[in-house]
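Structure first, commentary second.
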Amino acid sequence: MSWSCSSWLIRELFSPHFRMSSDVFKEFQFLKATQKDVSEIKLFLCQDFIFNEPLNQALKSTADELMPLLTFLVESSVKDAFSILVKHKGTLVACVLNSLHTLSTNMAKIPAETFPEKATIIGNFINKMEENSLQRILNNDKQLSCSSTKYLVVEVISVSASIAGKGIAKKLMNDTEEMARQHNFNFILTIATNIRSQLLFEKIGYSTIYALQHKDYLTEDGRQIFHCPDNATICAKGMLKKI
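Under my numbering, the sequence shown is numbered contiguously, ending at residue 233.
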């Protein structure tokens, strides 16, 4: 999935730094995330990320309620060595969490039923989005092999409001694409749950392969589950970029 902080994304799209050279980033450190960074990443994401993501807002989730899901996503991402941290003067200010998969191993990968209620709801939603997105990919490309097709999932991208507008998000995604090319991955997939992250991914060349409207995602008794308070995020999108 691509949980994303809400305040910075539009500024990233129209920032004068959006297409500038790497000189802009000299004041920042870009580091590969490792297991020793797990606690720091979770603390960073709890500072404002959790409270600004539309699905979390819709459920009025607390950090404690979402911590099992967050822990799973962070730990499963850093073990693959494709996640990137950004630090400024020693402080974590941005990250992209990427996890490695093959088509045969990804289905329903989040153990959502083991989580508290609100984390279970979000985990099940993301699982459904990924399953349907991957099925669309398979249907559209009969040449893909389930056992040998490797790809990255952008699980989380988050940039602190303190460095908004500097093009950090685009650089993180460019670096992610470069890693995917170097390792001969077939594609990158993300579940974009925020209208602003959807706009960002479209801007950098991702296409929508599956969309699920919130009005169509209902409980067993027919009630809509997600009513996003920003009034702009009306769906989640499975978004793909082939490498």
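All C-beta atoms, glycine included, are put in the ideal place defined by N, C-alpha and C.
Source: prediction; values computed, not measured.
(1) When the distance is taken between beta carbons, is Ala182 closer than 8 Å to Leu142?
(2) What separation, rounded to the nearest whole angstrom, lies between the Cα atoms of Leu162 and Ala154?
(3) Using 10 angstroms around the beta-carbon of Thr104, count the other beta-carbons present and answer buried if the total reaches 16, otherwise exposed.
(4) Which of helix, strand or coil does DSSP assign to Leu93?
(5) Using beta-carbon positions only, say whether Phe177 and Leu230 come within less than 8 Å of one another.
(6) With distances taken from CA atoms, which of Thr81, Lys227, Leu87 is nearest Phe18?
(7) Report the three-state DSSP secondary structure of Leu128 (helix, strand or coil).
(8) Inspect the beta-carbon positions of Ser89 and Gly228 and report whether they are closer than 8 Å.
(9) Let's see if you can read the secondary structure: which residues bound the beta strand (DSSP E) around Ala201?
(10) From the DSSP output, in three-state form, read off Gly157 for me.
(11) Can you list, in chain order, the residues of its chain with a C-beta nearer than 6 Å to that of Tyr207? Leave out the 5 residues immediately preceding and following it.
(12) Which first and last residues belong to the beta strand (DSSP E) in which Lys22 is found?
(13) Going by DSSP, what residues sit across from Asn88 in a beta bridge?
(14) Can you find at least 3 beta carbon pairs, one from the stretch 106 to 116 and one from the stretch 52 to 70, that sit closer than 8 Å?
(15) Three or more beta-carbon pairs under 8 Å between the stretch 67 to 86 and the stretch 23 to 40, yes or no?
(16) Note down, in chain order, each residue of its chain lying with its Cβ closer than 8 Å to the Cβ of Gly195, except the 5 sequence neighbours on either side.
Short version:
(1) no
(2) 13 Å
(3) exposed
(4) The answer is coil: DSSP assigns Leu93 none of H, G, I, E or B.
(5) yes
(6) Thr81
(7) Residue state, collapsed to three classes: helix.
(8) no
(9) Per DSSP, Ala201 belongs to the beta strand (DSSP E) from 197 to 203.
(10) Per DSSP, reduced to three states, the secondary structure at Gly157 is coil, with no helix or strand assignment.
(11) Setting aside the 5 residues that flank it on each side, Tyr207 is surrounded in the same chain by Ile215, each with a C-beta closer than 6 Å to its C-beta; the list follows chain order.
(12) 19 to 22
(13) Secondary-structure assignment with DSSP links Asn88 through a beta bridge to Val144.
(14) yes
(15) Verdict: yes, contact present.
(16) Lys231
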